Each structure stands twice: as C-alpha cells, then as structure tokens.
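> Numbering (the numbering used here), first residue to last: 4 to 370.
Have a look at this one before I ask anything.
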Ligand code: UD1
Ligand code: UDP
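Structural data, given as structure tokens:
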C-alpha cells in the first residue's frame, strides 16, 4: 500500500513525524513524504530533527503569501503530483491551508484521505482564521478521522460523521514530545538562571494588527514591572508578526527576541519556562504535559480539555487580562501551583501506533 504523508508547516511536520517514522517500520507499506513547504525554513528545521528527508518537495512558500494565492498554487501542484504518484492513501495533519487543499485534491482524484488531529472545532468560522474552515473542509472529505480526544470525536459526531469512521488516537504531538523530552534539553541562549523565564509565541492571523500590538505592549509591561523576570520570545517569521515584535520589543534588557527555535531548543525553553504566553495550538497541547501554565492569547480555543483541567487559561489578545493573569501567577504561589500541574489530556504518546494499526487493518482488508 502506497501512503503519502503530507506536511507543509512546522506544526504539521512535528505532529506528522511520529506517524511517518512509525509507518516506515511496516515493510509492506511504501511510505512517501510530501513536503508542500508552505513553510520553508521552519519545515526544514523540523524534518532535520527527525531525520526525515521528503521524497517530494513542492517548494510552495512565497514571502508574505496571501491565502487565495497559496491555496490556488497548492491545489495545482498537488493535483499534478498526486496524479503522478497514484497513492492508495494520503494522510495530512491539522488545519493549515496545506491540509485543506490536500483533502480537496484527494477528493477530486478519489484518493482515500486520512485526517490526523480531526474534529477540533471552535464553531466560529472566523476564529481561528482560516483554520476553522480548513478543518471543517478536511473533516467533510476524510475517510479516516483520527481524533485526538473524546471531545473532538464528539464534535465530529455532531457533524454527522459516521462513528465507524472516527478513531480516538490521542494527539501525535505527545508522541513527538515524549520522544525528545525525557531529559532536560540544552538551550544555547543567554538565559539568566536567577530570573523566572516567561516564554512567548504568537502568530495567529486574527491577531494581526491591533490585537498583536496589545500583546507586545503587555509583554513589555510585564518585563518593566518585574525585574526578576526574563522573557524569551522566538519570533514567527510571518512579516505581519515579526515587524511589530521587533519594533515594540527589541532592545529591552529583559527581553530576548530571536528567530524561531529549532524543535529541541524550543522544548528546552518550555522545560525551563515558568509561564508560557502563546496563541499556538501545539504549545497548548505540549505545555500541560510538561507541567507549564499557559495563558492563551486568544478568546476561544478548539482545545478545551486543558482549559477544563485548569492548567491553561484563555486571556485573549487583551492587555489588561494578560498583565493581570500573568502577574497573579508571578505573585501567588498558590495560584501558580494550582495551574502548574503535569496533565496530558491530549495523548499518551501512542497515537502513531494506533494510526498504524488502523491503516494495517485497512491494508489487510484491501489485500
Ligand atoms: C501557518 C498556518 C497556521 C499555522 C502556522 C504554524 C495557514 C493559513 N496558516 O501560518 O494555521 O498555525 O502556519 O506556524 O495555513 N515564513 C517564512 N519562513 C517560514 C515560514 C513562514 O519566511 O519557514 C513567512 C513567509 O513570509 C510566509 C509567511 O511567513 O509567506 C506566512 O506563512 P503561512 O504559512 O502562509 O502562514 P503562517 O502565519 O505561518
Ligand atoms: N515550536 C518550535 N519552535 C519555536 C516555536 C514553536 O519548534 O520557536 C514548536 C512547538 O513546540 C509546537 C509547534 O512548534 O510543537 C507549534 O507551532 P506553531 O505555534 O507555529 O503552530 P500551531 O501549533 O499554532 O499551528
């Protein structure tokens, strides 16, 4: 059975890597890796960490790419390559433009498509934008829905997906994290160990402009008010984020701005962090497993499990809420220990094994 595993961006590569490595163990599978390279440098960084060399590389990324152009270019190139490759199964993970276009290309070509991290929903098409639409489309078109949690399974059932097409596997992000985080990883940055480290990431399109300026101002305010705090902010290369971050935060003595960290140093930074401020999906899943509190710079989340467990809090891209909640965690040991608990609602590290088993059973049926 020929399986094409697709990844376009950093988080897809991190979450697809355990699946690729697991499927490659099966000698009856011909596993091919297709990089759309919707992200160029950040995708390459991750594949290098996991020693994965893409078999096909569409090299799609353009500077500050627009969504319609990206979508159109992806669809044309995917159509060409899938017609040539004729896979039996295509797998993609998550909710990026890569995933939505892969699902659509497979639908047009009648290739069975498996969606990893299926069933996440905010039920608000504008938030996150455009990811909610991407995952709804991928969900409509998938033959296999590999849902990370019972709650994501429930979302799919609400959309009338047949129960026999849904498997709760856990999220492969935990497989990836467990494969690297058993030890404290090295972090080659000028971290001041006498200070408490706050790690920041941000990149969501719905936060571009004023919301993102509020986030940066709140980060600066927290640094100004807390001399015992150091802030590490690996800045996403999207120009809409990067320009504002450097304009508002560069040169502050307690703030380290740096390019995106490779996956291992980033996990090292999470391990060392006292608090994490982030609008990232993946970070909301990883940080609880590492026992680190996250203040989510969004008003809603498709990952309610950690919020319900009380280890992640939604603060929105809102200056007052970010400053207030962060200060509470810095000042109150009681508030801090209530949220800094190691829980892993997103998986047990065996998601890739489960996906492998399901596809092996399918291969046996087809044989
Ligand atoms: C994309 C996904 C988002 C995901 C995020 C993970 C879409 C629409 N967005 O957002 O769902 O959460 O990735 O990070 O699918 N760039 C580089 N080098 C890189 C990567 C990006 O220079 O390695 C710059 C380029 O100018 C590029 C821009 O960032 O055009 C935006 O990249 P894009 O993939 O369109 O959107 P992201 O904001 O990265
Ligand atoms: N990450 C990384 N380097 C960084 C920031 C994040 O390797 O500088 C990893 C992080 O561990 C997580 C993933 O990237 O697994 C999250 O990606 P991102 O926030 O870009 O996308 P999202 O998860 O929001 O789609």
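Note that beta-carbon positions come from the ideal geometry of N, C-alpha and C, so glycine has one too.
Values in this document were obtained by computation on a predicted structure and should not be read as measured data.
Check whether the segment 9-21 touches the segment 163-180, counting contact only when three or more Cβ pairs, one atom from each stretch, lie closer than 8 Å.
Yes, since at least three Cβ pairs between the segment 9-21 and the segment 163-180 fall closer than 8 Å, the two stretches touch.
> Classify residue 99 as buried or exposed, calling it buried when 16 or more other Cβ atoms lie within 10 Å of its own Cβ.
Buried, since its Cβ has 16 or more Cβ neighbours within 10 Å.
> If you draw a straight line from the alpha carbon of residue 22 to that of residue 298, how long is it in whole angstroms?
Near 29 Å, if we compare the C-alpha coordinates of residue 298 and residue 22.
> In this structure, does DSSP put residue 280 in helix, strand or coil?
Strand, per DSSP.
> Within the same chain, show all residues whose beta-carbon is closer than 6 Å to that of residue 147, passing over the 5 residues directly before and after it, in chain order.
Closer than 6 Å at the Cβ level, and outside the excluded window around residue 147, lie 117.
> Would you call the segment 77-86 in contact with the segment 276-284, where contact means no fewer than 3 C-beta pairs closer than 8 Å?
The segment 77-86 is not in contact with the segment 276-284.
> Across which residues does DSSP place residue 110 in a beta bridge pair?
Residue 110 is not bridged to any residue.
> Identify, in the order they occur along the chain, each residue of the same chain with its Cβ nearer than 8 Å to the Cβ of residue 224, setting aside the five sequence neighbours on each side.
Within the same chain, residue 224 has close Cβ partners 322 and 326.
> Just confirm the distance between the C-beta atoms of residue 3 and residue 4, as a whole number of angstroms; I'd bet it's less than 8 Å.
The displayed coordinates of the chain run from 4 to 370. Any statement about residue 3 would go beyond what the structure contains.
> Between which residues of its own chain and residue 158 is the CB-CB distance below 6 Å, once the five residues before and five after are set aside?
Excluding sequence neighbours, residue 158 sits near 122 and 124.
> According to DSSP, is residue 142 helix, strand or coil?
Residue 142: helix per DSSP, three-state reduction.
> Out of curiosity, what's the CA-to-CA distance linking residue 115 and residue 255?
Each residue's alpha carbon lies about 51 Å from the other.
> With residue 149 as the anchor, note down where its beta strand (DSSP E) starts and where it stops.
147-150 is the extent of the beta strand (DSSP E) around residue 149.
> Kindly identify the DSSP beta-bridge partner or partners of residue 30.
Looking at the DSSP assignment, residue 30 forms no beta bridge with any residue, so it has no partner.
> Let me know if residue 398 comes out buried or exposed under the rule of 16 or more other beta-carbons within 10 Å of its beta-carbon.
Residue 398 cannot be examined here, being either before or after the span of the chain that is shown, 4 to 370.
> Under 8 Å, do residue 143 and residue 150 count as touching if we go by C-beta distance?
Against a cut-off of 8 Å, the Cβ pair of residue 150 and residue 143 comes out as no contact.
> To which residues of the same chain is residue 305 closer than 7 Å at the C-beta, ignoring the five residues directly before and after it?
Here the set comprises 123, 124 and 125.
> In whole angstroms, give me the CA-to-CA distance for residue 28 and residue 330.
The straight-line gap from Cα to Cα measures roughly 48 Å.
> Measure the C-alpha to C-alpha separation of residue 258 and residue 160 and round it to an integer number of angstroms.
Roughly 45 Å separates the two Cα atoms.
> For residue 245 and residue 368, what's the separation of their Cα atoms in angstroms?
One C-alpha to the other measures close to 50 Å.
> With a threshold of 7 Å, establish whether the CB of residue 255 neighbours any heavy atom of the ligand UD1.
Residue 255 Cβ: outside cutoff for every heavy atom of the ligand UD1.
> Evaluate residue 111 with the Cβ neighbour count: other Cβ atoms within 10 Å of its Cβ, from every protein chain shown; 16 or more gives buried, anything less gives exposed.
It is exposed - the Cβ of residue 111 has fewer than 16 other Cβ atoms within 10 Å.
> At which residues does the alpha helix (DSSP H) containing residue 74 begin and terminate?
From DSSP, the alpha helix (DSSP H) with residue 74 extends over 70-88.
> Going by alpha carbons, who is nearest to residue 345 out of 273, 134 and 113?
Among 273, 134 and 113, the Cα nearest to that of residue 345 is on 273.
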